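Numbering (the working numbering), first residue to last: 21 to 135.
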């Protein structure tokens, strides 16, 4: 099993920045892909960004150029730098990890963008 713990959520003003971090523990050898998802109230969970062990990334179109995902394989961490935040980015953000997708999930951290 893999355990994921997120940190870094909170309240930020529109146009501001926030950084999320997620640390994996347990059977981390099972992990190839790590990612960040989000779920806003009344909406389905969506993939925000994903990164492979080799460093290949993909992003949700609406966050391209504003969000950056990075990973430290030695420390089993994945981070999400979020810039130029707007109200539509308000959601619970979840860390995921797995061999090819999201086999394991964190409990989520709330990001609220509001003035």
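Ideal placement from N, C-alpha and C gives every residue a C-beta, glycine not left out. Note that the structure is a prediction, hence the values are computed from the model and not measured.
query, result
"Contact under 7 Å by Cβ, residue 57 with residue 50", "no"
"Completely contained beta strand (DSSP E) runs for the stretch 67-107, where each covers 3 or more residues", "77-79, 87-92 and 97-102"
"First through last residue of the beta strand (DSSP E) which encompasses residue 120", "Per DSSP, residue 120 belongs to no beta strand (DSSP E) and is neither H nor E."
"Residue range of the unbroken beta strand (DSSP E) whose run includes residue 44", "38-46"
"Beta-carbon separation (whole angstroms), residue 105 vs residue 35, contact threshold 8 Å", "7 Å"
"Residue 65, DSSP secondary structure in three states", "coil"
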